[in-house]
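Chemist:
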Amino acid sequence: MTRSIALLFLMTMFLSPLFAQQDRSVVTLSKDPAGLFKSYKFFIQNVEDQRPQPGASLGKVIALGKEIPAVLPGKAENELFSYWSYLAPKKEQSYLPLYITIKELSVNEKRIGPNRVTGEVRLNVRFRWYRDMQPVELTGYQTAANYTRPETAFTHDKLIKQLVDQALGHFQKWMAANAGKTPALARNLVLTFKEINNTASEDTVFYSPKRPLIWDDFKVRSAKPGSRYAAAVFTSFGYEGRSYPKDDDLVVEIGLKIFMVKSMSWGRPESRNAGTLRHEQIHFDITRLVVEKFKERLKKAELTIEDYDSEIQYQFLEAFREMNRDQERYDGETGHGLNDGMQAVWDKKIAQQIEALYSVQ
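For the sequence shown, the residue numbers in mature numbering (1 follows the signal peptide of the UniProt record, and there is no 0) are -20 to -1, 1 to 341.
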């Protein structure tokens, strides 16, 4: 009696896995060295399962005349992370950390007749990475495969593996085609400057140390009503911004315009002498020096690829306010050019700064 119970127990131990195997179809993604990716600057950082029912389940398949679950050996995010990490290049500091979101991964079959089964495999994934802790969406891949098969032993591993391989292959091709062409892949922001001084305009004089102001630049020959000053020059500055990807960088180019407007600048006929002109030239020089401070502000600012434009605008407004303060201080200390001693001090100081600025450019 004891021996029969022991034999029955042993039979149960050996038969249970067989029955369990018939109750589900386990899909395994075999790792083939021939499928390894080479020479692409990304690695798999994380895989997230965002399917309505995350876990190991893939759907339902027909086996031995009945519907059974199709499952992965473990949770989908773990299985695909392991598989894609095997195929993708290994982690390096300079490589793109790739995050993959599984939106859909399923296989579903139904019996449509004697010895006849139809099925569909679906895959939908999204690719992104994080730059400065902000998600950057890159691309996605969505596909499906429909098939009809006889109701015999059938492995779904190969078909699902093919779709999973295609997904990573899609990203590889997308990255190769877009590297250096889209801001989404930029790793760093590079700030560059250039002076714009060749725009044709009869009413504008662009700043140049080789082209000082002359009285013909002051188109208005009479003072503004109520003004007691000898002359006034209207100077200002602006910028034009553009950005473009280059290699792993996003280049932000700032084109700077430093100018005076002839039609808004005036000088009394009786005051058009060298001393008054020099006073007005210093106003123009001060505007040029403020623009250099604007450039230094931007170099020190925390510009990000996600939002560099608003910071540039803010620093521009701050520099504009600084220009007005410097111009008022200059006029205040020199008495609008009537205080010869202070005018000489400002002449020397500004001339040295302009000379130093252009000697290093």
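Where a beta carbon is used, it is the ideal one built from N, C-alpha and C, also for glycine.
Out of Q30, G218, P69, R222, which one is the CA nearest neighbour of V241?
Modeler: If you number the sequence shown from 1, residue 241 lands on position 261. Checked all of Q30, G218, P69, R222; the closest Cα to V241 is G218.
Chemist: Tell me I140's beta-bridge partners as DSSP assigns them.
Modeler: Here residue 140 refers to the residue found at position 160 when the sequence shown is read from its first residue. According to DSSP, which records beta bridges pairwise, I140 is partnered with nothing at all.
Chemist: In three-state terms, what does DSSP make of residue 343?
Modeler: An answer regarding residue 343 cannot be provided, because it is not within the stretch -20 to 341 covered by the chain.
Chemist: Would you identify the three-state DSSP class for G255, choosing helix, strand or coil?
Modeler: Counting from one through the sequence shown, the residue named residue 255 turns up at place 275. Of the three classes helix, strand and coil, the one that applies to G255 here is helix, per DSSP.
Chemist: From what residue to what residue does the beta strand (DSSP E) around T128 run?
Modeler: To locate residue 128, count along the sequence shown from 1; it is residue 148. That run of the beta strand (DSSP E) goes 114 to 129.
Chemist: Identify the residues that DSSP records as bridge partners of A203: which are they?
Modeler: Numbered from 1 along the sequence shown, position 223 holds the residue referred to as residue 203. DSSP output for A203 lists no bridge partner at all.
Chemist: In chain order, what residues of the same chain have a beta carbon less than 6 Å from the beta carbon of M322, not counting five sequence neighbours either side?
Modeler: What you label residue 322 is simply residue 342 of the sequence shown in a count that begins at 1. Cβ within range, chain order: E313, T314.
Chemist: With H, G and I counted as helix, E and B as strand and the rest as coil, what does DSSP make of P34?
Modeler: To locate residue 34, count along the sequence shown from 1; it is residue 54. Note: P34 maps to coil in three-state DSSP.
Chemist: Straight-line CA distance for T162 to I330?
Modeler: As a first step, residue 162 must be located in the sequence shown, where it is residue number 182. As a first step, residue 330 must be located in the sequence shown, where it is residue number 350. Answer to the nearest angstrom: the Cα atoms are 43 Å apart.
Chemist: What three-state label does DSSP hand I334 in the structure shown?
Modeler: Translated into positions along the sequence shown, residue 334 becomes position 354. In the structure shown, I334 sits in a helix (DSSP, three-state: H, G or I).
Chemist: Can you list, in chain order, the stretches of the alpha helix (DSSP H) that have 4 or more residues and sit fully within the segment 47 to 87?
Modeler: Fully enclosed alpha helix (DSSP H) runs of 4 or longer: 56 to 67.
Chemist: Could you check whether P189 and Y338 sit closer than 9 Å to each other, using their CB atoms as the reference points?
Modeler: Locating residue 338 in the sequence shown gives position 358, where the first residue counts as 1. Locating residue 189 in the sequence shown gives position 209, where the first residue counts as 1. Yes; because the gap between Cβ atoms is below 9 Å, this pair is in contact.
Chemist: Taking the C-alpha atoms as reference points, what is the distance between E291 and P69?
Modeler: Working through the sequence shown from its first residue, we reach residue 291 at position 311. Working through the sequence shown from its first residue, we reach residue 69 at position 89. In a straight line, the C-alpha of E291 is about 37 Å away from that of P69.
Chemist: My output table needs one value for L103: the three-state DSSP class, helix, strand or coil.
Modeler: As a position in the sequence shown, residue 103 is number 123, starting the count at 1. Residue state, collapsed to three classes: strand.
Chemist: For Q152, which option in K328, D287, Q261, G15 has the closest C-alpha, if you only look at C-alpha atoms?
Modeler: Within the sequence shown, residue 152 is the residue found at index 172, counting from 1. With distances taken between Cα atoms, Q152 lies closest to G15.
Chemist: Report the rounded CA-to-CA distance for P34 versus V51, giving the unit in angstroms.
Modeler: Position 54 of the sequence shown, counting from 1, holds the residue named residue 34. Position 71 of the sequence shown, counting from 1, holds the residue named residue 51. Distance between the alpha carbons of P34 and V51: 11 Å.
Chemist: Would you mind giving the Cβ-Cβ distance between A299 and R248, rounded to the nearest angstrom? I have them listed as a contact below 8 Å.
Modeler: Start at 1 with the first residue of the sequence shown, and residue 299 comes out as number 319. Start at 1 with the first residue of the sequence shown, and residue 248 comes out as number 268. At roughly 31 Å, the Cβ-Cβ gap does not stay under 8 Å, so A299 and R248 are not in contact.
Chemist: Residue range of the alpha helix (DSSP H) that residue 342 falls in?
Modeler: Nothing about residue 342 can be read from this structure; the chain reaches only from -20 to 341.
Chemist: Take Y288 and list the residues in its own chain whose beta-carbon comes closer than 7 Å to its own, dropping the five residues that flank it on each side.
Modeler: Taking the sequence shown and counting its residues from 1, one reaches residue 288 at position 308. Only L169, V232 meet the Cβ criterion.
Chemist: Since I believe M244 is in contact with V270 (beta carbons under 8 Å), could you give me their beta-carbon distance rounded to a whole number of angstroms?
Modeler: As a first step, residue 270 must be located in the sequence shown, where it is residue number 290. As a first step, residue 244 must be located in the sequence shown, where it is residue number 264. That pair is no contact at about 18 Å.
Chemist: Would you mind giving the Cβ-Cβ distance between A147 and L76, rounded to the nearest angstrom? I have them listed as a contact below 8 Å.
Modeler: Translated into positions along the sequence shown, residue 147 becomes position 167. Translated into positions along the sequence shown, residue 76 becomes position 96. In fact, because the Cβ distance is near 16 Å, the residues do not count as touching under 8 Å.
Chemist: Give me the residue from R201, K40, S207 with the minimum Cα distance to T98.
Modeler: For the purposes of this step, residue 98 is taken as the residue at position 118 of the sequence shown. When only C-alpha atoms are compared, the closest one is K40.
Chemist: On the premise that V144 lies in contact with L9, defined as a C-beta separation below 8 Å, what is that separation, rounded to the nearest angstrom?
Modeler: Along the sequence shown, one-based indexing puts residue 9 at 29. Along the sequence shown, one-based indexing puts residue 144 at 164. So it is a contact: roughly 6 Å between Cβ atoms.
Chemist: How is F198 classed by DSSP in three states: helix, strand or coil?
Modeler: As a working note, residue 198 is residue 218 in the sequence shown. It is coil, neither helix nor strand.
Chemist: What distance in whole Å lies between the Cβ atoms of R268 and I234, which are believed to be in contact at a cut-off of 8 Å?
Modeler: Against the sequence shown, residue 234 aligns to sequence position 254. Against the sequence shown, residue 268 aligns to sequence position 288. At roughly 15 Å, the Cβ-Cβ gap does not stay under 8 Å, so I234 and R268 are not in contact.
Chemist: Helix, strand or coil for residue 395 per DSSP?
Modeler: Lying outside -20 to 341, the shown extent of the chain, residue 395 is not represented and no answer is given.
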